[in-house]
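What follows is a short report on a single structure.
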Amino acid sequence: MRQITAGIASLLIAASAAAQAPAAADSAAIKATALDYIDGWYAGDAARMERALHPELAKRIVMSDPQGRSRLGQQSAMTLVQNTARGGGKDTPADKRKDEVRILDIYQNAASVRVQASSWVDYLHVAKSNGRWVIVNVLWEMDPAAMQQGR
């Protein structure tokens, strides 16, 4: 009986380790995608940015107009890559650049990720597409506290 119990325990441990290996690999790939996105922006590296994005990405922010009405600002993948190529993030001083990535959730081929950047926060929806993790949606918001501190 003791041998059977030990055998079952060994199988459970092996199954648990096997289940954690893909999760760890997915977490590493998701983080690498998020870093390609934010660090690619800071470096003006359009190829790195493009690698992180699904071609049909939508990046959005809800902003208020002078009358206080909300409107939706948005960028496509192509616009974001072009803005990166123009050096959009290069003017952020190196000591003010932040690229804190926190994976909020992973479920099968979908993940939610929070990126704390220099003066804004990005919420990324990331999907595994053709075997690669790519960003499908970004909802972002300016970080008033960071802006006040001159980040």
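Residue numbering for the sequence shown follows numbering that gives the first Met the number 0, starting at 0 and increasing by one per position. For each residue, glycine too, the CB sits at the ideal point set by N, CA and C.
Relative to N108, the option among W132, G88 and A45 whose CA is nearest is W132.
The C-beta separation of D94 from S118 comes to about 13 Å, leaving the pair out of contact by the 8 Å criterion. Excluding its 5 nearest sequence neighbours in each direction, D25 has C-beta neighbours in its own chain below 8 Å: I105, A110, K127 and W132, listed in chain order. The criterion of a C-beta distance shorter than 7 Å is satisfied by T83 and A45. Comparing alpha-carbon positions, the option among D64, S75, V125 and A51 lying closest to L103 turns out to be V125. According to DSSP, Q73 shares a beta bridge with R59.
At a Cβ-Cβ threshold of 7 Å, D38 and R50 do not count as neighbours. By the neighbour-count criterion, in which 16 or more other beta carbons inside 10 Å mark a residue as buried, L71 falls on the exposed side.
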